[in-house]
Each structure stands twice: as C-alpha cells, then as structure tokens.
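Order-wise, the sequence lines are chains A and B.
Heads up: the first sequence runs through residues 0 to 625, numbered per numbering that gives the first Met the number 0.
Heads up: the second sequence runs through residues 0 to 319, numbered per numbering that gives the first Met the number 0.
C-beta atoms are modelled at their ideal positions from N, C-alpha and C, and glycine is treated no differently.
All values reported here derive from a predicted model rather than from experimental measurement.
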Amino acid sequence: MSRYRHIQDALLQQTQTSMNRRVLMKRAGMLGFAATGFSALLAACGGDDDPTATTAPETAATATTGADATAAPQEATPTAGAGTTPAPQAATATPGTSAPPATTAPDPTATADTSAVTSGGEVRWHYGSAPRTFNPLFSTSNREHAFEALMYGAIAKIGDGFEPMLDLAETIEVSPDATVYTFTLHDNIMFTDGEQLTSEDVRFTFERAINRSTASVWRGRLLSIQGAADFDAAVSDSLSGISTPDDLTIEFTLEAPDAVFFLSICGTGGFGILPQHILGDVAPEELAQHEFSRAPTVTAGAFKFGRYEVDQFMVFERNDDYYGTPANLDRIIGVIVTSSVAQAQLQTGELDIVPFIEFDEVERTRALPNVEINSVRSATVSKLVFNLNREYFQNKLVRQGMAYAIDAQGILDAALLGEGFVIHAPFSAPEWTDQITGMTEYNYDPDRARELLAEGGWDSNQAIEFIFAADTNPWWITTLTIIQQMWADVGVTVGLAPIDFAELNVRSLENDNFDFRVLGGSVGDPDQATATLATSGIPPGGTNYARYSNPRVDELFVMGRASGNIDERIAIYTELAQIISEDVPEIYLFAPNNISAYASRVRGASAPAFRDNTVWDAASWYIEEA
Amino acid sequence: MGRYILRRLVVSVPVLAAITLAVYIMMNLAPGDPVMAMIDPETASALGPDWVETQREQLGLNQPMPVRYVLWLGQVARGNFGFSYNDRQPVSAKVSERFWPTLKLMGTAQAIALTIAVPLGILSAVRQYSRTDYVLTVLAFLAVSIPNFFLALGLIYIFAVTLGWTPTAGMGTIGGTGSFFNSLHHLILPASVLGLSAAAPLIRYVRSSMLETLSQDYVQVARAKGLHPTAVVIRHALRNALIPVVTIVALSLPSLIGGTVIVEAIFAWPGMGTLVITSLHAVDYPVIMAALLVIGIAIVISNLIADLLYALLDPRIRYS
C-alpha cells in the first residue's frame with residue numbers, strides 16, 4: 000500500500016473523530032503530505048478535461064488550506080536547491096465530513112524557518128512562445144494559467160505535484176450529496192488598487208466565464224452550476240447556482256451531484272479572479288479585446304503585472320500589498336526565446352530557470368557549473384493509437400503482436416536516457432495509480448509477436464504509416480524510428496509521415512484517414528482517459544482517435560467519475576486498465592519525466608510535475624548568491 | 000514622370016486586390032481551423048459541444064468564405080484591419096508594433112550587406128584571378144552555403160556565450176532604459192547574421208557586373224587617356240556596374256518589411272516574420288492578410304523604386 004493510501008486513511012480517521020483543524024493539519028504535516036479520498040480526483044486539474052461527474056460521492060467534503068504556519072509540512076531550512084523544497088500543501092476535500100470553522104488566516108507563503116531567505120533580486124525563467132493574453136477567461140495554454148494564478152490569485156491552484164491546493168480560499172466545504180460547494184475567502188485580500196477582493200469578484204468572474212457572449216475557455220467546465228444553462232441563454236440576469244451570503248463566502252449549487260467540481264474550478268494553474276470594479280461595466284463580448292486583457296493592472300496575487308514587451312519578455316513585480324507574506328523576489332521575468340537560445344542563456348546566466356530540457360541536452364546541461372537538473376515524474380502518457388476502422392487492425396491478435404514487438408524499456412533507455420517509466424495503462428498519474436496492476440504487459444518478445452501476427456492473419460505486404468506532427472519533440476522521432484525497425488523485424492512495414500499539426504487532426508478526427516497516430520499528453524487522473532477511450536468520444540465531436548468502443552469500459556468510466564472513494568476508484572480503474580490492455584486500442588509506451596534546469600542561486604523552488612506550472616511557487620523563490 | 004508613377008500606382012491597386020483574393024482562397028483551402036488552432040482537440044472536446052460554435056460565431060467564421068472576403072475587403076478599404084482571431088487585439092496595432100523593429104533589423108542588415116559587398120565586389124573584379132579574388136570568392140560561396148540559423152547559433156556561441164561580448168537575444172536589456180547604445184549592442188549579432196548572408200551573393204553580382212563594365216570601350220578609352228585606375232573604376236565604371244545591383248537590392252526591399260522568420264525567432268526579435276509564422280500556425284486570417292497586404296505594397300513600391308533608380312543611374316532610360 001502506498002504512503003498516499005496510509006495518509007488518506009489517517010486523515011479520514013482524523014476528520015471522523017471531529018479533531019480540530021490545527022491538530023489535523025499537524026498530523027498531516029507529520030505524515031509529510033495532506034491527502035484525502037478526494038486527492039485522486041483533484042489531480043485531474045492537471046489537464047484541460049471537463050470533469051463533470053453526475054453521481055454523488057458517498058460523503059461530504061471538508062478542506063482547509065494546508066498553509067498553516069504551525070502545522071504545514073515544511074522543512075526546517077528551506078535552503079535546499081531546486082526540486083528539494085518541501086512538498087506542496089495540498090488542499091483536502093474529504094466527502095463525508097462537516098466543515099470545521101476557519102479560525103485563522105493562514106499565510107500562504109509561510110516557511111518554517113526564514114532566516115536563510117533573502118529578499119530582493121529577480122529570477123528569469125524561459126517562457127517559450129509569446130502569451131496570447133493575460134486574461135484568465137481567455138487563456139488556452141497551461142503556461143498562461145500558471146502565471147495568471149500567481150498574478151491574480153485563484154480559489155485553488157495546482158502545486159508541484161498532481162494535487163491542487165487552496166489559494167484565495169481558506170476553506171472549502173462540500174455538502175454530503177456533493178451538490179453544494181462552499182468556499183470561504185481569506186478576509187484580507189486586497190487588489191493592487193486598494194479595493195478588497197470579495198466573494199462578489201468571484202461571482203463576477205464565474206458569471207463572465209459562463210456567459211456565452213464572453214466565449215471563455217472555462218465555460219464548458221462550469222455548466223454543471225445550477226442555472227448556468229438559463230444564464231447562458233440570457234434568460235436570467237444572474238446565476239441562481241452562485242450565491243454570496245457575505246463578502247467572504249461563495250457558494251456553488253450544482254444541478255446534480257458532482258464529485259469532481261472542485262477540479263473544474265482549479266485548472267492546471269488556477270482560475271484567476273478578476274476585479275469586478277474594473278471590468279463590471281465591460282460588455283462580455285468586449286472583454287477579450289479590452290486593454291485589461293493585455294495589461295492587467297489590478298490583480299490580487301503575490302506578483303503583479305509589470306510590463307510586456309511583445310515577443311520578448313514579460314515582467315511581474317512583487318505585490319507588496321499581497322494579503323499573505325510578500326514574495327521574496329522583487330520581480331520575476333518570463334523570457335520568450337527558442338529552446339536552443341534558452342540553453343545558451345542558461346549558460347551565460349541570462350536565464351535562471353529552463354522548465355524543459357530536451358533529453359539530448361541533459362548531459363551537456365548537467366555539466367554546466369551552477370546549474371541543477373531536476374527530473375520529476377510527470378503525468379504524460381506517450382502512446383501510439385491504432386485506427387480500429389482499418390480492417391487490418393480489427394483482429395486484436397495483430398494489435399497484441401505489434402505491441403510485443405516494441406521494446407519500450409529499451410527505447411526509454413536509449414532515447415530518453417531512462418528518464419521516465421514504461422506504462423501499461425492509459426494513465427500514469429497521480430501516484431495512487433501505481434496500485435493498479437494485473438494488466439497484460441507487452442514486454443519485448445519478437446517471437447511471440449511473430450506468432451500473434453501470423454495467428455491474426457497479418458499480411459506482411461500491407462504497408463502502414465505513422466502520422467505525427469512535424470515539429471514534435473526529437474525524442475519522438477527517435478522513438479518512432481526505432482519502432483519502425485523493430486516492426487520491420489517481425490514483418491510489419493511502417494512508414495513515417497511527419498505532417499502539419501492541423502492536417503494531423505483533420506486526418507485523424509474528421510477524415511478518418513490514418514493508420515497510426517502518435518499521441519502524448521498529460522493525464523493527471525484516470526478519468527481524463529475518457530476523452531480518448533469512451534464510446535461517447537468517437538468522432539465527430541470527440542477525440543477517441545482509435546474509434547474504440549467497449550460498453551463495459553464506458554460503464555467503468557462513469558463509475559470512476561462518480562466515486563469519491565479511492566479504494567473504489569482503484570478497483571474500477573484496475574478492471575478498466577485490464578480490459579484496455581487486452582483489447583490494445585492504443586499501445587502505451589512510457590511516461591517521460593519532466594527535466595528542468597534551475598540556476599543554483601535560485602532557492603526555495605520546487606520543480607513541478609506539470610512542466611508548464613513552473614511559477615507555482617515563485618512567491619517563495621529567493622536568491623542565494625555564492 | 001509624375002504621370003508614370005501615378006499610372007503605376009493605380010495599376011497596382013487591382014494587383015494587390017488579386018493578391019489578397021488568391022491568398023484568402025489558399026488559406027481557406029488549407030487544412031486547419033482558426034478556432035481549433037487555439038486549443039488542442041482534447042480540450043475543445045471537453046469544453047462542451049458549443050464552445051467551438053460560440054467561438055466561430057464571435058469570429059464571424061460561420062459565414063461563407065466569399066462573404067467573409069468581401070467584408071474584410073470593405074473593412075480594409077475603410078482603413079480597418081479588424082481584430083486578430085488569436086488574441087482579439089487590433090491587427091493594425093499588432094502589425095505596427097512589429098513594423099519598426101523589423102525595419103530597424105533589416106535596414107541595418109541591408110546596410111551591412113552593401114557596405115561589405117560593394118567594395119569587396121569591386122576589389123574582386125579589379126583583381127580578377129588574383130589571390131584576393133579567389134579568397135573573396137571562396138568566402139562568398141561559404142557565406143552563401145551556411146544556413147542562417149547555423150550562422151546565428153554559431154555567432155551566439157562565439158560572441159555571446161564564449162566571449163561574452165554581445166547579448167544572446169532580445170532588442171534591449173530586460174528592465175533597461177533602451178538607450179541607443181544598448182539597442183545597438185543587441186542589434187549587432189542579428190543584423191550581422193542577416194548582413195553577411197545578404198552580402199555573399201551581392202559580392203558576386205557586383206563582381207560580375209563590374210567585370211562586364213570594365214571591358215566596355217568607354218572604360219578602355221578612359222584608361223587610354225591616362226586616368227588614374229581608381230578614377231576609372233569609381234567615376235566611370237561603377238555607376239553603370241551598379242544598375243543590375245540596384246535591381247537586386249530594390250527587389251530585396253520587401254524583406255525589409257517582411258522580416259525573416261528564423262533569425263527573428265532565434266534572436267527573440269519581435270518582427271513581422273515571427274508575426275506571420277505564428278499567425279499561420281494559429282490560422283489567424285486577419286493578421287496574415289494584413290501582413291501580406293503590407294508586404295505586397297512593399298513589393299509594388301520597391302519595383303517602382305527600382306525602375307525610377309534605373310532612370311537616375313542611366314540617362315538613356317526615360318519614362319513618359
């Protein structure tokens with residue numbers, strides 16, 4: 000049994016014996032991590048899925064921020080280098096318990112010992128491509144969500160793992176039937192212009208997100224809120240499902256029990272809260288092009304907007320009026336350069352953090368003085384997807400044979416320097432999925448592959464091809480080239496067809512014109528595999544590229560989404576993974592680690608599992624000059 | 000002359016309109032959808048069935064292509080380039096904020112190219128088949144053969160990483176005042192990469208043009224009259240030798256506006272090349288159309304300038 004399971008059981012026991020919050024968190028701190036039965040669900044925030052469960056969890060939930068200075072699991076001296084700082088303080092939301100009163104206003108950036116922490120200076124991190132917008136309503140990339148959560152403040156956000164943590168909210172309370180979610184905000188949150196951030200700002204932000212005219216990327220995730228459909232259709236002026244009994248309390252009432260709603264309002268970074276007093280008079284359809292979306296000057300996060308130089312860099316200054324402990328640094332700067340230049344800048348000291356290092360650059364980067372490499376488990380699933388509409392793939396023996404012909408561990412060692420792990424299921428995170436076992440493991444066995452292919456009637460004259468995005472990562476190209484050779488050895492001729500990303504999607508979704516496509520992406524919770532494996536996702540309209548359909552798998556996905564009990568979920572997804580591994584609609588290869596580089600002078604940072612989430616803890620970064 | 004210029008400008012209007020129509024049709028025939036380009040298919044699918052529809056409505060993409068083109072043309076005729084599909088910012092602002100950085104980079108690069116190419120081309124021609132000529136020829140071919148991105152990364156490695164003389168990228172020091180010298184410091188490397196690449200073929204053009212001119216009778220006469228060799232080359236031969244070079248340079252003027260994708264990307268230079276390529280990836284029609292229209296105008300004008308310069312350099316050419 001993993002440590003997470005012990006932690007969950009322990010916390011459940013604690014809450015059921017009506018222990019007060021401070022003692023509870025202290026116990027949690029002793030365990031090193033605060034996790035609950037909800038933790039499984041919370042991790043789904045890591046992706047962009049729309050987790051909308053329809054059935055009630057067994058019990059109600061309670062959560063508090065784990066940022067209690069006296070109880071949070073912090074290390075004594077936060078001077079360790081990047082990647083070695085304390086575990087994130089995960090929010091807890093356990094169905095089946097009543098909410099304890101929020102007695103103290105926790106300090107979101109508190110550390111156990113601040114004597115070694117310095118103040119001032121700046122840190123520059125590699126941002127990649129230019130941001131589309133600075134308005135969370137319209138951001139479509141996880142990287143934008145991450146800095147927006149830092150700049151605006153969100154009800155909850157993701158830390159360095161797969162678990163979310165409360166941010167602007169101090170507590171969360173969930174009704175026993177999981178239809179009412181109540182958040183209490185910290186009582187001293189101020190916008191940078193001196194106005195207080197209240198529950199009305201939260202309501203305003205959510206209403207704007209749901210309003211169809213806004214065309215926000217968040218809209219689809221929030222339609223489970225009561226009255227959202229009427230509000231959406233402009234039938235109603237306000238959302239009946241969002242109420243604000245007082246300035247600090249925001250209550251969401253849902254149309255139906257929804258065990259994963261907390262995830263919906265989390266996102267990878269967090270859903271930034273907008274100032275109503277600034278944007279209240281702006282028509283929803285004009286918000287996207289409003290100057291605020293380009294230069295948000297009124298926010299409530301640990302850092303505030305400084306300036307953005309088009310295609311060059313963006314500066315975030317410390318917000319000295321932040322409700323928690325102000326950030327240590329004066330500013331952080333996101334630098335927009337290509338990855339090859341980022342490598343050079345890391346060497347010259349112009350960059351301090353590069354969130355993603357290509358595998359073929361790892362050794363060279365590791366050799367740089369004053370740079371530390373972090374290799375962190377990710378939620379990424381790398382796989383090959385069959386088009387099951389192809390007649391020659393319909394016999395599962397053929398698919399199994401092809402899977403046996405791939406030496407995934409060998410490729411992982413050769414192309415990814417062994418940084419990652421081989422997977423046998425459509426998910427690899429959060430950590431509790433390690434307990435899912437019993438799948439058919441297609442360990443490299445070319446003889447078995449030949450047998451199965453012959454048994455399945457594979458015609459070795461049949462030419463097939465991989466389609467993949469031409470600008471994919473170099474390690475993918477290496478991987479495919481090796482697989483091409485491995486398959487040739489067992490009589491499968493496959494061609495490599497790099498194509499434009501748009502064409503890739505048109506061919507695999509609209510035109511149904513492909514044999515194999517490559518797919519890689521973050522699956523932070525098994526529920527997120529619904530999109531690619533449930534019958535409901537078969538195109539058009541969905542992203543079940545394989546066109547896989549199995550009624551039992553569909554049932555299991557529904558059951559898994561509805562359950563708030565981690566044991567139950569493990570059992571459900573175990574059965575699901577076993578069926579999938581037998582059917583092989585996709586060949587699962589590995590979950591590559593996220594490899595990042597941090598200058599040694601940057602302290603107090605913890606490299607995240609979601610690589611786009613680099614700035615999640617920027618408030619606690621500080622500089623330690625040699 | 001005035002009437003000639005006016006006639007050329009008037010003729011260019013339907014040419015530009017035809018260019019925009021062709022580009023518009025081709026863009027619409029290409030695979031990809033502006034809304035789907037904003038977000039990956041998994042996310043779009045998870046956001047609900049009508050998210051894509053809402054976005055399409057907001058962007059006006061639910062109308063037929065010919066209608067959209069006519070609406071766009073009407074807008075442009077009134078001086079309005081519309082809004083970017085990608086970030087909803089005004090297209091004119093997006094183009095104009097990248098216009099000057101591009102002009103600055105490409106203008107400097109062109110100046111570097113001419114400063115290097117004209118004297119070296121003349122030298123190469125005057126000393127034909129000498130050691131100097133061979134060395135310059137080899138260097139020119141070497142420079143032509145090296146891809147821009149390789150030269151850029153090589154120069155970054157030498158001058159920024161190893162020697163530390165220049166910054167690796169950017170238009171100015173982050174958080175700096177943006178002074179002239181700071182700006183120049185950042186300009187040196189990207190402009191040199193582009194300048195060297197452009198200089199290499201120009202050296203060859205100048206050389207061959209000069210060789211041809213030097214063999215003309217009037218040059219022989221000038222020499223026979225006992226004029227100083229430098230005077231023969233500079234005062235008698237150069238002017239005529241420059242006519243084909245002017246054509247080459249004038250026709251490369253649109254690149255001053257169009258920018259260069261790879262070098263801009265490597266040096267984090269916020270230019271038109273980067274804008275065009277990111278807009279192409281994002282299937283951002285309004286931005287692509289505006290950028291191409293601006294580049295089209297630049298091509299028309301540069302052709303006109305080339306023709307006018309002929310007349311200036313060669314008195315035999317007259318426009319009426």
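* Asked: Are L141(B) and A199(B) closer than 9 angstroms when you measure CB to CB?
  -> Counting from one through the second sequence, the residue named residue 141(B) turns up at place 142. Counting from one through the second sequence, the residue named residue 199(B) turns up at place 200. Their beta carbons are under 9 angstroms apart, which means L141(B) touches A199(B) by this criterion.
* Asked: Residues bridged to V380(A) by DSSP?
  -> The residue labelled residue 380(A) in the question sits at position 381 within the first sequence. Note: V380(A) sits in a beta bridge opposite G520(A).
* **DSSP three-state assignment for F420(A), whether helix, strand or coil** => Against the first sequence, residue 420(A) aligns to sequence position 421. Strand.
* Taking the C-alpha atoms as reference points, what is the distance between E567(A) and P163(A)? -> For this step, residue 567(A) is matched to residue 568 along the first sequence. For this step, residue 163(A) is matched to residue 164 along the first sequence. So the alpha carbons of these two residues sit roughly 21 angstroms apart.
* Tell me whether R131(A) sits in a helix, a strand or coil according to DSSP, three-state version. => Reading the first sequence from its first residue, position 132 is the one you call residue 131(A). R131(A) falls in the coil class under three-state DSSP.
* With burial defined as no fewer than 16 other Cβ atoms inside 10 Å of the residue's Cβ, what is the status of F179(B): buried or exposed? -> In the second sequence, counting from the first residue as 1, residue 179(B) sits at position 180. With fewer than 16 Cβ atoms within 10 Å of its Cβ, F179(B) is classed as exposed.
* Please decide whether A289(B) counts as near chain A, where near means a Cβ-Cβ distance under 9 angstroms. => Residue mapping note: residue 289(B) aligns to position 290 of the second sequence, counting from 1. Taking Cβ atoms only, chain A never reaches closer than 9 angstroms to A289(B), which makes this a no.
* Would you call H125(A) buried or exposed, if buried means 16 or more other Cβ atoms sit within 10 Å of its Cβ? -> For this step, residue 125(A) is matched to residue 126 along the first sequence. Buried, since its Cβ has 16 or more Cβ neighbours within 10 Å.
* Mapping DSSP to helix, strand and coil, what is W71(B)? -> On the second sequence, position 72 is the one that residue 71(B) refers to. Note: W71(B) maps to helix in three-state DSSP.
* Straight-line gap, V614(A) to W486(A) (C-alpha atoms, nearest Å) -> Here residue 614(A) corresponds to residue number 615 of the first sequence, with the count starting at 1. Here residue 486(A) corresponds to residue number 487 of the first sequence, with the count starting at 1. V614(A) and W486(A): Cα-Cα distance of roughly 42 angstroms.
* To do: Could you confirm whether any beta carbon from chain A is found closer than 9 angstroms to the beta carbon of E211(B)?
  => Against the second sequence, residue 211(B) aligns to sequence position 212. So, not an interface residue.
* Leaving out five residues before and five after A341(A) in sequence, what residues of the same chain have Cβ atoms less than 7 angstroms from its Cβ? -> Counting from 1 along the first sequence, the entry for residue 341(A) is found at position 342. Counting only Cβ-Cβ distances below 7 angstroms, and skipping sequence neighbours, we find H125, L350, V353.
* For the beta strand (DSSP E) containing P163(A), list its first residue and its last residue. => Numbered from its first residue, the first sequence carries residue 163(A) at position 164. That run of the beta strand (DSSP E) goes 163–165.
* Contact set for D611(A): own chain, Cβ-Cβ below 6 angstroms, skip 5 residues either direction -> In the first sequence, counting from the first residue as 1, residue 611(A) sits at position 612. The answer, listed in chain order, is N141, R142, A145.
* Asked: Using a Cβ-Cβ cut-off of 6 angstroms (strictly less than) and excluding sequence neighbours within five positions of V275(B), which residues of its own chain qualify?
  -> Numbered from its first residue, the second sequence carries residue 275(B) at position 276. If we look at V275(B) and ignore the five residues flanking it on each side, its Cβ neighbours are A290.
* Asked: Quick one: which chain A residues come within Cβ less than 7 angstroms of R87(B)?
  -> The count along the second sequence starts at 1 and reaches residue 87(B) at position 88. Here the neighbours are A287, Q288.
* To do: Please list, in chain order, all residues of the same chain as L503(A) whose beta carbon is under 8 angstroms from its beta carbon, the five residues on each side excluded.
  => As a working note, residue 503(A) is residue 504 in the first sequence. Closer than 8 angstroms at the Cβ level, and outside the excluded window around L503(A), lie I466, F467, A468, R516.
* Using a Cβ-Cβ cut-off of less than 8 angstroms, list which residues of the segment 292–324 of chain A approach chain B; keep chain order. => S292, R293, E308, V309, D310, Q311, F312, V314
* To do: Please report how far the alpha carbon of I322(B) lies from the alpha carbon of R203(B), in whole angstroms.
  => Nothing in the structure corresponds to residue 322(B), since chain B is present only between 0 and 319.
* Taking Cβ positions, are A606(A) and A301(A) nearer each other than 9 angstroms? -> Position 607 of the first sequence, counted from the first residue, corresponds to residue 606(A). Position 302 of the first sequence, counted from the first residue, corresponds to residue 301(A). Taking a C-beta distance under 9 angstroms as the contact criterion, A606(A) and A301(A) do not qualify as a contact pair.
* Asked: Secondary structure at R337(B), three-state DSSP: helix, strand or coil?
  -> Any question about residue 337(B) goes unanswered here, given that chain B covers just 0 to 319.
* Per-residue burial, P584(A) [other beta carbons within 10 Å of its own, 16 or more giving buried] -> Stepping through the first sequence from its first residue, residue 584(A) is reached at position 585. Its Cβ being crowded by 16 or more others within 10 Å, P584(A) is buried.
* **Chain-ordered chain B contacts of S339(A) [CB-CB under 7 angstroms]** => Taking the first sequence and counting its residues from 1, one reaches residue 339(A) at position 340. Taking a Cβ-Cβ threshold of 7 angstroms, the residues of chain B close to S339(A) are L152, in chain order.
* Asked: According to the Cβ coordinates, are L495(A) and P538(A) closer than 9 angstroms?
  -> Mapped onto the first sequence, residue 495(A) falls at position 496. Mapped onto the first sequence, residue 538(A) falls at position 539. No, these two residues do not count as a Cβ contact at 9 angstroms.
* Asked: Rounded to a whole number of angstroms, what is the C-alpha to C-alpha distance between A287(A) and D283(B)?
  -> Indexing the first sequence from 1 puts residue 287(A) at position 288. Indexing the second sequence from 1 puts residue 283(B) at position 284. Whole-angstrom Cα-Cα distance: 15 angstroms.
* Asked: Of all Cβ atoms in chain B, is any one closer than 9 angstroms to the Cβ of T53(A)?
  -> Translated into positions along the first sequence, residue 53(A) becomes position 54. Low local confidence applies: a pLDDT of 25 at T53(A) is under 50, so the model's placement there is unreliable, with the coordinate-based value given in what follows. Not an interface residue.
* Asked: Exposed or buried, A404(A), counting other C-beta atoms within 10 Å across all chains shown (16 or more means buried)?
  -> In the first sequence, residue 404(A) corresponds to position 405, counting from 1. A404(A) is buried by the Cβ-count criterion.
* When DSSP labels each residue in this structure, what does E52(B) get in the three-state scheme? -> In the second sequence, residue 52(B) corresponds to position 53, counting from 1. Three-state result, E52(B): helix.
* Is DSSP giving K224(B) helix, strand or coil here? -> Walking along the second sequence from the start, residue 224(B) turns up at place 225. It is coil, neither helix nor strand.
* Answer with yes or no whether the minimum CB distance from M105(B) to chain A is below 9 angstroms. => For this step, residue 105(B) is matched to residue 106 along the second sequence. Output row for M105(B): interface = no.
* To do: Specify the secondary structure class of E254(A) as computed by DSSP and reduced to three states.
  => As a first step, residue 254(A) must be located in the first sequence, where it is residue number 255. If DSSP states are grouped into helix, strand and coil, E254(A) belongs with coil.
* Length-filtered (4 minimum) alpha helix (DSSP H) runs lying within the segment 485–544 of chain A -> 500–504, 529–532
* To do: Find the residues of chain B that neighbour D499(A), judging by a C-beta separation of less than 8 angstroms, and give them in chain order.
  => Here residue 499(A) refers to the residue found at position 500 of the first sequence. Here the neighbours are P30, G31.
* Asked: Mind checking whether I594(A) and V375(A) have CB atoms under 9 angstroms apart?
  -> Position 595 of the first sequence, counted from the start, is the residue given in the question as residue 594(A). Position 376 of the first sequence, counted from the start, is the residue given in the question as residue 375(A). Contact flag set, yes.
* To do: Would you kindly work out how many angstroms separate the C-alpha atoms of E52(B) and N61(B), rounded to a whole number?
  => Reading the second sequence from its first residue, position 53 is the one you call residue 52(B). Reading the second sequence from its first residue, position 62 is the one you call residue 61(B). Cα-Cα distance, rounded: 8 angstroms.
* Expressed to the nearest angstrom, what Euclidean distance is found between the alpha-carbon atoms of A16(B) and L5(B)? -> For this step, residue 16(B) is matched to residue 17 along the second sequence. For this step, residue 5(B) is matched to residue 6 along the second sequence. Approximately 17 angstroms, taken between the alpha carbons.
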